[in-house]
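Residue numbers (full-length UniProt numbering): 1 to 350.
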Amino acid sequence: MSHEATNWAIKQRGLKPTAKIVLWHLCDRFNPDYGCFPSQVRLAHDCEISRATLNRHLEGLEARGLIRRIRVIDPRTGQQRPTRYLLGCEPGFTPRGPGQIECDSTNPFEAGEAEPPCPDLRHGSTAEKAHSCKDLSSGTGPKPCLSSGHGSVSQFDANPCLKNSQSRVSNCDTNLVREPLREPVKEEEDAAARDSDFDRFFAELISALGFAANATLPAWWQGWPARTHVRRWIDELGLSEDRIVEVATETRRDHPAPPDGPKALDRAMERAARRDAQAAAADASGRKAKRQRKRDGGPHPSADQLAAFYARMVNSDDYLPANTISNTTRDAMLVRGLVTPERLRMRGVR
């Protein structure tokens, strides 16, 4: 880590936030003695972006002349090693030229100048070749070559090299492959329809509160927090959209000025939800009472009828529960001579 390099990265202006994060992490990996050569996997993990996005930002930084990439090839295996990054804060830094692809000088596949290919499979010196083949004149060059005059055909360089002129990572911005849908189209259409319905309801609520249609709303009524707060009246309090608009209209009678935010209507909405719940409970109890069977209210029995009824219970041998005969009923039976005191004592009536 180099504090000088990270400070230099922070001072750069005009960069996108993600590009500045990539440049900062490059400078964080810079070592003044050994340079900067983090792998793309490590750099993408540090920046928390994909490798495709990382390559696009690296190309942008290189186009601005802030960094320079040098691809390193393993001289023994010929495989590509982590790219070396030259930073603009390093002494002697020069930006990469247009169309230039830089590789390490130790690449064994790029050393020396390539000779044109020639189908000369003979052996020996030039004189022996001329003597062994009479068709070759003395003016024939030592290196005959098949020249068709049409130029190169294979589009490959004469000297093979592991060059990466184009990025091997797909560009997300120009990727024409359509990704599969994660959710059915029907659900997306339903969600869009619900959002549009809620937008119309929210506009109706704003109009009911006294705000002009084209006027600028207060800060508490703008953005998704206000809409989330209004949705809470529907989800948690159980109010319908029409009921919310009705309550909002009623609040203007006591408070003509529009409220500063949806939180000012919470108590009114809670009272409305409480009244609706009580009305629903009363309505349910009324319907339940109507469903009950009406009893025929006949005339009450007289004192003589009650005395005769309980006298039959005392004089019989059936079970007589305790406290069935009250003092008033007992006296009424004795006065009328329906039972005797001995029978009452025998039956446990005192």
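For every residue, glycine included, the Cβ atom is placed at its ideal position computed from N, Cα and C.
Taken through DSSP and simplified to helix, strand or coil, residue 92 comes out as coil. The segment 268-276 and the segment 228-239 touch, with no fewer than 3 CB-CB distances between them shorter than 8 Å.
Under the DSSP assignment, residue 343 falls in the alpha helix (DSSP H) whose first and last residues are 341-346.
Taking a cut-off of 8 Å on C-beta distances, the segment 71-80 does not touch the segment 46-55, as fewer than three cross pairs fall below it. Within the same chain, and ignoring the five residues on either side of residue 306 in sequence, the residues whose Cβ sits closer than 8 Å to its Cβ are 329, 332.
Under the DSSP definition of a beta bridge, residue 35 partners with 31. Each residue's CA atom was taken as its position, placing residue 252 and residue 285 some 33 Å apart. Looking only at 29, 41, 343, 243, the smallest Cα-Cα distance to residue 269 is reached by 243.
For residue 80, DSSP records a beta bridge to 73. By the CB criterion at 9 Å, residue 95 and residue 68 fall inside the cutoff. The Cβ neighbour count for residue 262, taken over all protein chains shown within 10 Å, is at least 16; the residue is labelled buried.
The shortest C-alpha to C-alpha distance from residue 6 to any of 19, 30, 203 is the one to 30. Residue 36 sits close to residue 26, with the two beta carbons spaced by under 9 Å. Sequence-distant partners of residue 40 (beyond 5 residues in either direction) whose C-beta falls short of 7 Å from its own C-beta, in its chain, are 51, 54. Cβ-Cβ distances below 8 Å link residue 19 to 57, 60, 61 in the same chain, with the five nearest sequence neighbours on each side left out; the list follows chain order. With a beta-carbon spacing of about 7 Å, residue 314 and residue 344 fall inside the 8 Å limit used to define contacts.
For residue 306, the enclosing alpha helix (DSSP H) covers residues 303-315.
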